[in-house]
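*Asks:* The structure is given below, and queries will be raised subsequently.
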Amino acid sequence: MTSLLTGYMLVLLLPLFVASWRVSLTGLSLQGLLMAWMVLVRRPALSVDLVVTLVDLVLVRGLVAPLALRRVLRSQRRPSREDVIPPNLLSWSIVVGLVMLGFQCAAWLHPAAGGEHAQVAAAATGVLLGLFVLASQNGTFSQAVGALRLEYAIALFELGSPTHLPVALRLAQVSIFLGTVLTYAHYVGRLRSTELAAPAARIQ
141 MTSLLTGYML
151 VLLLPLFVAS
161 WRVSLTGLSL
171 QGLLMAWMVL
181 VRRPALSVDL
191 VVTLVDLVLV
201 RGLVAPLALR
211 RVLRSQRRPS
221 REDVIPPNLL
231 SWSIVVGLVM
241 LGFQCAAWLH
251 PAAGGEHAQV
261 AAAATGVLLG
271 LFVLASQNGT
281 FSQAVGALRL
291 EYAIALFELG
301 SPTHLPVALR
311 LAQVSIFLGT
321 VLTYAHYVGR
331 LRSTELAAPA
341 ARIQ
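Using my numbering, the first residue of the sequence shown is number 141, and each one after it goes up by one.
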């Protein structure tokens, strides 16, 4: 589990330092797949709840969410470079500080060392970094990525819960998240077109 969480932290941080929308979407995909791996490592008994969880993590978060955004960006022939945080030393220093704060939050929330402590640390760091992305950039793609980062971090928190929601509620959660992803993809395409049209209108 610890090695999976280490990998999760890497895919959480790398897209903040590599200014590419492809890297950002790959990071989101890997987060979903790594969370699914964490579930399977525990060797849970086969159940409807397990199937719904894997559909959520592998199919929706690991594939549909990043591919939906990728399809929109490719249709726009968007340049590869896309900063989700300002590319400067101050932003990178804030990222390091937020990682440290995330681990400190884990010490407050779950003082006992072990896999659960590391999972809480990764989830708390994901929440803080998602909020930072939302606060530091106003582009439609960055806003969508920041919101999805928050959603993924919340999902990682939920994996550590000893109790499970009823299957009907889990299905509702997955459906709502899927609808949210498709809405994000729609508005990334629509608002980006508006952003590009505005400078052209001013020039005319």
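Glycine is no exception: its CB is placed at the ideal position from the N, C-alpha and C atoms.
Smallest Cα separation from ALA287: which of ALA247, ASN228, SER164, SER143?
*Replies:* Here residue 287 refers to the residue found at position 147 when the sequence shown is read from its first residue. Of the listed residues, the one whose Cα sits closest to ALA287 is SER164.
*Asks:* Who are the Cβ neighbours of ASP196 in its own chain at under 6 Å, not counting the five residues just before and after it?
*Replies:* Within the sequence shown, residue 196 is the residue found at index 56, counting from 1. So the qualifying residues of the chain are VAL314.
*Asks:* Looking at the structure shown, is LEU186 part of a helix, part of a strand, or coil, going by DSSP?
*Replies:* Taking the first residue of the sequence shown as position 1, residue 186 is located at position 46. Coil.
*Asks:* Does the separation of the CB atoms of ILE234 and VAL267 fall below 9 Å?
*Replies:* On the sequence shown, residue 234 is found 94 positions in, with the first residue counted as 1. On the sequence shown, residue 267 is found 127 positions in, with the first residue counted as 1. Cβ distance not < 9 Å, so ILE234 and VAL267 don't count as in contact.
*Asks:* Does GLN216 come out as helix, strand or coil in the three-state DSSP assignment?
*Replies:* Here the question's residue 216 lines up with position 76 in the sequence shown. Coil, per DSSP.
*Asks:* Let's test the definition: count the other Cβ atoms within 10 Å of the Cβ of SER282 and tell me whether it reaches 16, buried, or not, exposed.
*Replies:* Position 142 of the sequence shown holds residue 282. Looking at its Cβ environment, which holds 16 or more other Cβ atoms inside 10 Å, SER282 is buried.
*Asks:* On the DSSP letters alone, give me the boundaries of the alpha helix (DSSP H) that PRO155 sits inside.
*Replies:* By one-based count along the sequence shown, residue 155 stands at place 15. Element bounds for PRO155: 142-157.
*Asks:* Applying the 10 Å Cβ sphere with the 16-neighbour rule, what's the burial state of LEU156?
*Replies:* Taking the first residue of the sequence shown as position 1, residue 156 is located at position 16. That one is buried.
*Asks:* ASN228 to VAL236, Cα distance in whole Å?
*Replies:* For the purposes of this step, residue 228 is taken as the residue at position 88 of the sequence shown. For the purposes of this step, residue 236 is taken as the residue at position 96 of the sequence shown. So the two alpha carbons sit approximately 13 Å from each other.
*Asks:* Counting C-beta neighbours from all protein chains within 10 Å, is the total for SER169 16 or more, i.e. buried, or is it exposed?
*Replies:* Sequence index remark: in the sequence shown, residue 169 carries index 29 (1-based). Buried: at least 16 other Cβ atoms inside 10 Å.
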